[in-house]
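Residue 31 is where the sequence shown starts when you use our numbering, and the numbers rise one by one after that.
No residue lacks a Cβ here, since even glycine has one placed at the ideal position from N, Cα and C.
Small disclaimer: the values here were computed from a predicted structure and weren't measured.
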Amino acid sequence: MRALLAAVCAALAVPGVVAAAGSPWEQAAELRRLLADAEKALIVGGPAEAQPVARRALSAGRVLAVSLRAGDPQAAARIDEGLGKVAAAAGSGDGRALAAARASVWTAVLGGAYRVVVAAVEAGDVAAAQAWLLVREFRTPTRFSRPAADATLALERLAAGEVTAASALAAVQGDLLDTYQARLRAALEAADAAVERGFATRLAGETALAAGYARILLDAYRE
């Protein structure tokens with residue numbers, strides 16, 4: 031339970047939670063916060079207020095991209111590309127482009143973290159897998175379901191020598207891919223609702239989220 035609570039705090043960037051400086055989830059949480067702040071600043075104050083926040087997001091995102099580059103260079107490249115679009119959109123005052131770029135950057139982070147976790151489990155590096163597993167999202171609990179903790183528990187059992195790496199990997203992939211499948215469906219539903227209501231900026235963000243989640247799922251779909 032403690033591990034699950036730690037993961038939830040990391041994913042939501044709860045204020046007051048302390049982590050080791052430079053840990054992957056801390057880097058990701060800071061980037062996510064700054065991306066959201068840049069979009070809010072553009073709405074409230076226009077490019078003049080959004081640009082400084084976007085520059086801070088660019089700096090934070092580059093730190094995270096460097097952390098990911100060895101494990102997933104393609105994700106790192108997508109983060110860098112998306113951050114450039116964030117900066118450009120903040121400067122031009124294009125809210126739709128900023129919403130789309132923000133979503134693209136975030137899902138590139140999630141995808142990179144997922145692939146790093148998989149590679150770490152396969153290599154037997156449980157500590158690295160546990161560190162990057164915190165950079166994730168969760169399915170929304172309902173009255174019929176509980177928050178997913180399968181991946182967290184699988185890595186704990188792997189560290190204790192209670193399961194094989196193959197068994198832990200299957201649990202991790204099942205948990206994360208199920209989560210991103212659910213997130214993909216939610217993003218598509220939200221995009222439909224945005225079309226019906228004429229919310230162009232929301233539509234741009236949700237379609238970019240859907241595309242990002244689909245990219246994470248693509249290899250599993252192909253299999």
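Cβ of residue i within 8 Å of Cβ of residue j?
i	j	result
ALA224	ARG213	no
ALA234	ALA129	yes
LEU65	VAL156	no
LEU218	ALA198	no
GLY75	ALA105	no
VAL18	ALA138	Outside the displayed span of the chain (31 to 253) sits residue 18, for which this structure offers no information.
THR194	GLU167	no
LEU183	VAL165	no
ALA181	VAL202	yes
GLU236	ALA250	no
ILE109	ALA120	no
GLY242	ALA133	yes
ALA87	ALA58	no
Is residue i helix, strand or coil by DSSP?
i	result
ASP155	coil
THR194	coil
THR182	helix
LEU214	helix
ARG169	coil
ASP110	helix
LEU17	The question about residue 17 has no answer, for the chain in this structure spans 31 to 253.
ASP124	coil
ASP102	coil
SER134	helix
LEU163	helix
GLY52	coil
GLU226	helix
Measuring alpha carbon to alpha carbon, tell me which residue in the options is nearest residue i.
i	options	result
LEU206	LEU247, GLY191, GLN104	LEU247
GLU152	ILE109, GLN81, GLY101, ALA107	GLY101
ARG215	THR170, VAL165, ARG145	THR170
ARG187	GLN160, LYS70, GLU60, GLU167	GLN160
ALA80	GLU236, LEU72, ALA119	LEU72
VAL83	ALA95, SER97, ARG99, ARG62	ARG62
LEU98	SER53, LYS70, SER122	SER53
TRP55	VAL147, LEU88, LEU239	VAL147
PHE229	ARG126, GLY204, ARG252	ARG126
GLY191	GLY154, ASP67, ALA150, GLN211	GLY154
LEU239	ALA150, ARG92, ARG227, GLY112	GLY112
ALA196	ARG227, ALA150, LEU163	ALA150
ALA78	ARG245, ALA179, ASP124	ASP124
ARG245	LYS70, SER122, ARG145, VAL93	ARG145
The alpha helix (DSSP H) with residue i in it runs from where to where?
i	result
SER97	77-99
GLU236	230-252
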